[in-house]
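In my numbering, the protein residues as written are 14 to 273. Note that beta-carbon positions come from the ideal geometry of N, C-alpha and C, so glycine has one too.
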C-alpha cells in the first residue's frame, strides 16, 4: 500500500508542477499540445495492452465488458453534470480549459455563480485524475511494478499539460493565484488517495470482480481521453499531435516490454 501511495503522489505531482508553470508563464500552445498528445498515446497503450488485457485474463468477458462500459458511463454522466454547473458562470461554457469565454475577465459574476462554477472546476480536475490514479493502485495489486511504472509515467505525462492549460484558462477568467493553486493542491491530494483506494479495493475480491474493476478504470480513462485530452491537443496542436500520440504509444509499448 505504501508503494501505491508513493506512485500516486509522484503521478499527481504533475498537476502541481503544471499549475506552477501555468501561473508563471504561458508556454506555446503547440508544445503543451504535443506533451498532451504524447501522454494520450502512453495512456491508450497502457489501457489497451495492460489494463484491458489483464482484465480479460483475470475475469469473465461479461464482467470485463460490463466494467469497461460502466467506467465510461460514470465518467460521461459526471462530466455532463459538471459542464452544466460550470456554465452557470458567465465566464465559462464548461469545465475545461478551452471553455473559457474570450472576454471572461471582464464578465460580471455573482458569488453564487462563482461558487458553483468553482466547485465544478475543482470536481472536474479531480474527475479527470481519479480513473488514472486508481488504475495505478489497481495495477500494482493485480500485476505488480511493471504495469504500475508504465501507468505512473503515463499519468504524470497526462497531468502536466492538463494542469498547465487549465491554469492558464483560470488566469484568463480572472481567478487568483491562490485559488488556482488551491484547486490543484486538492486535486493532487484526492487523486493520490485514489491510487491507495485502487490498491486496497482488490483485496479479497473474486477474479471476476478484479477483472471488472480493471476494466472499469480502463473505460473511465478512455472516456476521459476522448472527452478532454485528445480534442484539446488537436485544437491547440493541429495534425502534428497525431505523430506525438503515435510516439507516446510506441514509447509505452517499449517501456512495458523492457519491464517484462
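When Cβ pairs closer than 8 Å are counted between the two stretches, the region 58 to 70 is seen to touch the region 160 to 180, the count reaching three or more. Within the region 183 to 262, there are no complete beta strand (DSSP E) runs of at least 3 residues. Residues of the same chain with a CB within less than 6 Å of the CB of residue 183, apart from the 5 flanking positions on each side, are 193 in chain order.
Contact between residue 171 and residue 52 holds: their C-beta atoms lie close to 4 Å from each other, under 8 Å. Just measuring C-alpha positions, the residue of 100, 260, 264 and 227 sitting nearest residue 64 is 227.
For residue 137, the closest alpha carbon among the candidates 99, 152, 189 and 162 is that of 99. Between residue 82 and residue 211, the C-beta gap is not smaller than 9 Å, which leaves the two residues out of contact. Assigned with DSSP and collapsed to three states, residue 98 falls in helix.
In the DSSP assignment, residue 49 falls within the alpha helix (DSSP H) that extends over 42 to 58. The Cβ neighbour count for residue 188, taken over all protein chains shown within 10 Å, is at least 16; the residue is labelled buried. Around the beta-carbon of residue 144, 16 or more other beta-carbon atoms lie within 10 Å, marking it buried.
Contact between residue 92 and residue 140 holds: CB atoms are separated by about 7 Å, below the 8 Å threshold. Separation of the CB atoms of residue 135 and residue 30 is rounded to 19 Å, and the pair is thereby denied contact status at 8 Å. In this structure, 208 is the residue among 261, 268, 208 and 213 with its C-alpha nearest to the C-alpha of residue 23.
CA-CA distance, residue 86 to residue 185, rounds to 31 Å.
When C-beta atoms of the region 32 to 40 are compared with those of the region 235 to 244, fewer than three pairs fall below 8 Å, so the two segments do not count as touching. Residue 163 sits in a helix when the DSSP states are folded into three classes. Residue 38 carries a coil assignment under DSSP once its states are collapsed to helix, strand and coil. Per DSSP, the unbroken alpha helix (DSSP H) holding residue 71 starts and ends at 66 to 71. Per the coordinates, the alpha-carbon of residue 265 lies some 12 Å from the alpha-carbon of residue 257. Secondary structure at residue 170: helix, using DSSP grouped into helix, strand and coil. Between the C-alpha atoms of residue 17 and residue 259 there is a straight-line separation of about 28 Å. Separation of the CB atoms of residue 149 and residue 54 is rounded to 18 Å, and the pair is thereby denied contact status at 8 Å.
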